[in-house]
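See below:
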């Protein structure tokens with residue numbers, strides 16, 4: 001394997017970005033900021049964003065993570081998205097271990113520059129969020145600076161902004177590699193072959209569909225997992241709180257948030273979801289699992305947990321539901337960023353397991369740094385490399401939702 005070096009010393013290097021979700025678009029944006037912008041081709045089969053994972057998500061952005069890399073990436077995301085963010089984030093804890101983790105994580109976050117997060121004891125939780133039952137809660141971590149935004153508006157805005165600066169395609173048909181180096185030499189896009197200096201795999205849950213086109217290249221530990229979001233009505237919560245509650249995460253993995261602007265009253269509209277148990281989840285990467293929402297989750301898991309948090313949720317009525325794909329890293333649920341060890345000019349940026357949107361500005365910048373200079377410059381993401389799985393150096397994040 002040979003890795004091209006200093007390609008930006010040549011005129012108009014050729015870069016292919018596969019996937020124009022949040023990470024793919026962020027990579028393009030940062031590459032276009034180079035003094036000598038490359039020639040970029042962006043391939044996206046879901047041009048209307050109907051199945052885009054970010055668009056179908058809760059759109060959350062937060063600094064409340066347990067790993068330094070994730071905190072740093074999210075702080076940059078908060079900076080980029082600061083004009084769009086509303087609502088806050090509230091993580092609940094019901095065990096001494098969970099409370100200890102919240103305290104330890106807050107210390108790390110503050111050391112790295114995060115602001116606006118505070119630890120609450122049960123009385124603090126009750127005073128701040130009077131509708132919540134605190135009998136089973138020991139503590140909470142609350143940040144007013146975290147929150148959510150509209151992913152669709154962001155993605156469409158970026159696409160419009162770079163429309164005249166990149167070439168677009170819709171389908172990768174085939175990949176050809178150099179027999180002596182193992183690097184990608186040509187890619188067939190919409191029936192036509194083109195040569196590229198670098199290829200960036202930002203296809204999210206479909207990451208291995210590109211890997212599989214390169215003979216002998218080891219697959220990434222990524223599967224497509226279905227996540228269902230429910231839209232429900234519950235005016236009683238806002239009546240008690242006085243405004244829209246933050247995105248609240250129960251220790252069980254059940255979460256909910258309001259749907260309006262910070263400080264407003266939306267009429268009691270909420271969205272919610274949960275992280276299904278590991279056992280029994282199906283990998284949808286091969287296309288055999290449809291996108292039909294898992295309707296049973298509301299009655300079996302979500303509503304009972306909501307009701308245990310607040311009796312006001314007893315009147316909650318489901319209005320709608322939808323499902324999207326979650327790019328699930330089955331080993332350590334963290335992002336995979338860097339050159340693929342089996343192909344020197346293939347950069348992977350996948351596997352963020354639900355927090356790719358909020359980290360996309362930092363990951364896109366990191367990808368641009370790799371192809372421009374061969375190394376990370378602003379935030380070191382070496383521990384997120386593909387090689388960690390072979391070395392047994394997995395890194396685990398406590399704050400996966």
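Residue numbers (full-length UniProt numbering): 1 to 401. Beta carbons: idealized from backbone N, C-alpha and C, even for Gly.
Taking the C-beta atoms as reference points, residue 312 is found nearer than 9 Å to residue 234. Inter-segment contact for the stretch 20-29 and the stretch 41-56 is present: three or more beta-carbon pairs are separated by less than 8 Å. Distance check between residue 154 and each of 361, 91, 390, 203 places 361 closest, using alpha-carbon atoms only.
Counting C-beta pairs with one atom in each stretch, the stretch 187-201 and the stretch 288-302 have fewer than three that are closer than 8 Å, which means they do not touch.
Rounded to the nearest whole angstrom, the CA to CA distance from residue 364 to residue 47 is 20 Å. In the DSSP secondary-structure assignment, residue 117 is bridged to 143.
The beta carbon of residue 351 lies closer than 6 Å to those of 222, 327, 329, 335, 336 in the same chain, with the five residues before and after it left out.
When DSSP states are grouped into helix, strand and coil, residue 203 belongs to the coil group. Close CB contacts of residue 113 within its chain, under the 7 Å cut and outside five residues either way in sequence, are with 75 (chain order). Under the three-state reduction of DSSP, residue 30 is assigned to helix. Just so you know, the alpha carbons of residue 227 and residue 180 end up roughly 42 Å apart. Exclusion of the five residues before and after residue 115 leaves 145 as the residues of its chain whose Cβ lies within less than 7 Å of its Cβ.
Taking a C-beta distance under 9 Å as the contact criterion, residue 201 and residue 92 do not qualify as a contact pair.
Rounded to whole angstroms, the Cβ separation of residue 309 and residue 89 is 15 Å, and the two are not in contact under 8 Å.
Restricting attention to 258, 65, 64, 400, the CA atom closest to the CA of residue 353 is found in 400. Taken atom to atom, the span from the alpha-carbon of residue 251 to that of residue 94 is near 7 Å.
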